[in-house]
Amino acid sequence: MRAFRCPHCGYAVAFEQQSCFVCSTEVAFHKPWMEMVLAPADGESTTIDDGAWVRCANWERGCNWLVAAGPETPICFVDGFVRNEPGPDDTEALKELASTLKDLRRLIFQLLDLGLPITPFHQDPKGLAFDLISSESVGHPVTIGHADGVITIDLAESLELYRERQRIILKEPYRTMLGHLRHEVGHYYEMILIAGGELIDQTREFFGDERRDYQAALADYYAGVVPDGWEHDYISHYATAHPWEDWAETFAHYLHITGTLATIADSGLLLSASRVHFDLDADINPRVHYGDGDFATMLHDWEVLSGVLNRVNHAMGKEALYPFRLTLPVVAKLGFVYHVLTTAEQGNKVDAPHRG
Numbered sequence: 003m004r005a006f007r008c009p010h011c012g013y014a015v016a017f018e019q020q021s022c023f024v025c026s027t028e029v030a031f032h033k034p035w036m037e038m039v040l041a042p043a044d045g046e047s048t049t050i051d052d053g054a055w056v057r058c059a060n061w062e063r064g065c066n067w068l069v070a071a072g073p074e075t076p077i078c079f080v081d082g083f084v085r086n087e088p089g090p091d092d093t094e095a096l097k098e099l100a101s102t103l104k105d106l107r108r109l110i111f112q113l114l115d116l117g118l119p120i121t122p123f124h125q126d127p128k129g130l131a132f133d134l135i136s137s138e139s140v141g142h143p144v145t146i147g148h149a150d151g152v153i154t155i156d157l158a159e160s161l162e163l164y165r166e167r168q169r170i171i172l173k174e175p176y177r178t179m180l181g182h183l184r185h186e187v188g189h190y191y192e193m194i195l196i197a198g199g200e201l202i203d204q205t206r207e208f209f210g211d212e213r214r215d216y217q218a219a220l221a222d223y224y225a226g227v228v229p230d231g232w233e234h235d236y237i238s239h240y241a242t243a244h245p246w247e248d249w250a251e252t253f254a255h256y257l258h259i260t261g262t263l264a265t266i267a268d269s270g271l272l273l274s275a276s277r278v279h280f281d282l283d284a285d286i287n288p289r290v291h292y293g294d295g296d297f298a299t300m301l302h303d304w305e306v307l308s309g310v311l312n313r314v315n316h317a318m319g320k321e322a323l324y325p326f327r328l329t330l331p332v333v334a335k336l337g338f339v340y341h342v343l344t345t346a347e348q349g350n351k352v353d354a355p356h357r358g
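This note's numbering applies: residue 3 is where the sequence shown begins, and numbers increase by one.
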């Protein structure tokens, strides 16, 4: 996650912190500035750009975002995307919710940082909504998926043991709550940026014809029907299931890559060609943002830096941070996602069926 500074002492503070570890000053995230500011006291307001700002009403459960003061309950921008959540008496699910909301705030920050259109469901019938439900509480499986702007998340995935068990069963090299959120929001952006619009033909060239029966495709996938040599053409095993899933998996990886590069850049890290113990033509100086026309640079930076990060993880006895191969067909798909998100006109919204 991007680096932030304490507005009082200048020390680094994490995106989720409500107080600085060094000077103990309470801090909060201010969306218009996309920066940390001094937090107002509980029940009071602070003035920023001639406006009054207060703590999010969910400060006690870990939210550190500010919201403009007003007569309504002060729910922050991120919490405004939550349509359904566990009741106040479901203490176990509420613990899972608190962890999940941290990842949701990371997701929403990144979408804002990338300049993507994002409107909550209560402002637009086709806006984005999250139903956050725990299969551990409701007593039956909760299907993670997207349907017409509504993303359903199983809060039990925030539990490491539960998630790791699912990862092993499904033979996945990577499974995180943030990964789920990035994948599902990829379906949402396909709905509003691609479906029924002028980019649909190009999308089919890269990912295949999405008119293929989705439920039948999933049934085949879970029955073990996977293309031979799928690793050459797809970023993940699940991406083979259907063109919608290929798009969503590739979209998620675009967010993985850009989010990690931005974090490295914000932290001031670079690779010096004169100091590394391998051949490197030039220094790698990652950027917070890679604009239109910078895809090749972004890809090169990522290929080198992900190798370094993998070795760092190995030095700690952990698995690779990024256990994926970017083959030429996958690079082409990533390049198309990059093109859509940096240059395509935004705002074409149509109905779309459920996608898992």
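Just so it is clear, CB atoms sit at the ideal spot from N, CA and C, and this is done for glycine as well.
Buried or exposed, going by whether 16 or more other CB atoms sit within 10 Å of the CB of residue i?
| i | result |
| --- | --- |
| CYS25 | exposed |
| SER308 | buried |
| ASN60 | buried |
| LYS173 | exposed |
| ILE153 | buried |
| MET38 | buried |
Just how far apart, CA to CA, sit residue i and residue j?
| i | j | result |
| --- | --- | --- |
| GLY210 | ALA241 | 11 Å |
| LEU257 | HIS189 | 13 Å |
| GLU247 | ALA254 | 10 Å |
| THR178 | THR27 | 31 Å |
| PRO1 | HIS234 | Because the chain in this structure spans residues 3 to 358, residue 1 falls outside the shown range and cannot be described. |
| LEU343 | PHE208 | 15 Å |
| LEU130 | PRO143 | 23 Å |
| PHE6 | SER274 | 24 Å |
| GLU87 | TYR191 | 23 Å |
| LEU282 | LEU99 | 44 Å |
| HIS10 | VAL29 | 9 Å |
| HIS316 | TYR324 | 11 Å |
| CYS22 | ARG213 | 51 Å |
| VAL352 | LYS104 | Interpretation of VAL352 is limited by its pLDDT of 34, a score under 50 that renders its predicted location unreliable; the figure taken from the coordinates is listed afterwards. Their backbone Cα atoms lie some 30 Å apart in a straight line. |
| ALA54 | GLY181 | 35 Å |
| THR49 | PRO76 | 15 Å |
| LEU311 | GLY72 | 45 Å |
| GLU1 | ALA41 | One cannot answer for residue 1 here, as it falls past the ends of the chain, which runs 3 to 358. |
| GLY226 | ALA149 | 25 Å |
| VAL332 | CYS65 | 36 Å |
| TYR164 | ALA158 | 7 Å |
| THR265 | ARG4 | 4 Å |
| PHE280 | LYS320 | 22 Å |
| SER101 | THR205 | 34 Å |
| PRO1 | GLU138 | No statement about residue 1 is possible, as the shown extent of the chain runs from 3 to 358 and does not include it. |
| ASP51 | PHE79 | 18 Å |
| PRO122 | ILE194 | 13 Å |
| ASP215 | VAL228 | 16 Å |
| GLU347 | SER276 | Caution applies to GLU347, whose pLDDT of 40 falls short of 50 and renders its modelled position unreliable; the value that the coordinates give is listed next. Answer to the nearest angstrom: the Cα atoms are 42 Å apart. |
| SER47 | ASP115 | 26 Å |
| PRO175 | ILE146 | 18 Å |
| ARG57 | ASP230 | 53 Å |
| VAL69 | PRO119 | 20 Å |
| ARG313 | ALA267 | 19 Å |
I'd like the span of the beta strand (DSSP E) that includes residue i, first residue to last.
| i | result |
| --- | --- |
| THR242 | No beta strand (DSSP E) holds THR242; DSSP gives it neither H nor E. |
| GLU37 | 37-40 |
| ALA334 | Note, ALA334: premise wrong, no beta strand (DSSP E); alpha helix (DSSP H) at 330-345. |
| LEU307 | Here LEU307 belongs to no beta strand (DSSP E); instead the alpha helix (DSSP H) covers 297-317. |
| VAL56 | 53-57 |
| THR27 | THR27 -> no beta strand (DSSP E), and no H or E assigned at all. |
| THR145 | Here THR145 belongs to no beta strand (DSSP E), and DSSP marks it neither H nor E. |
| VAL152 | 152-156 |
| ILE50 | 48-50 |
| ALA70 | 68-70 |
Could you tell me whether any non-hydrogen atom of the ligand FMN is closer than 7 Å to the CB of residue i?
| i | result |
| --- | --- |
| THR329 | Because no ligand of any kind appears in the structure shown, any question about the ligand FMN cannot be addressed here. |
Please list, in chain order, all residues of the same chain as residue i whose beta carbon is under 6 Å from its beta carbon, the five residues on each side excluded.
| i | result |
| --- | --- |
| TYR292 | MET300 |
| LEU96 | PRO88 |
| GLY261 | GLN112 |
| GLU162 | none |
| GLU18 | LYS104 |
| ASP81 | ASN60 |
Residue range of the alpha helix (DSSP H) that residue i falls in?
| i | result |
| --- | --- |
| PHE208 | 202-209 |
| LEU163 | 162-171 |
| ILE194 | 179-195 |
| VAL140 | 137-140 |
Suppose the cutoff is 7 Å on Cβ atoms and the five residues either side in sequence are ignored; what does the same chain contact list for residue i look like?
| i | result |
| --- | --- |
| GLU251 | HIS185, ILE237, SER238, TYR240, ALA241 |
| ALA243 | ALA219, LEU220, TYR223 |
| GLN168 | ARG177 |
| LEU109 | LEU180, LEU183, ARG184, VAL187 |
| GLY337 | PHE297 |
| VAL84 | PHE132, LEU134 |
Which residues in the same chain as residue i place their Cβ atom closer than 8 Å to its Cβ, once the five residues preceding and following it in sequence are excluded?
| i | result |
| --- | --- |
| GLU305 | LEU328 |
| ASP296 | ARG289 |
| GLN20 | GLU28, VAL29, ALA30, ALA41, TRP61, GLY64, ASN66 |
Closest Cβ-Cβ distance between residue i and chain D: below 8 Å?
| i | result |
| --- | --- |
| TRP249 | Protein chain content of the structure displayed is limited to a single chain, and chain D is not contained in it. |
Worksheet entry | Continuous alpha helix (DSSP H) assignments of at least 4 residues falling wholly in the region 83-110 | With a minimum length of 4 residues, no continuous alpha helix (DSSP H) run stays inside the region 83-110.
Worksheet item: What are the start and end residues of each continuous alpha helix (DSSP H) run of 4 or more residues lying completely inside the region 221-294, in chain order?
Response: Whole alpha helix (DSSP H) segments, 4+ residues: 245-268.
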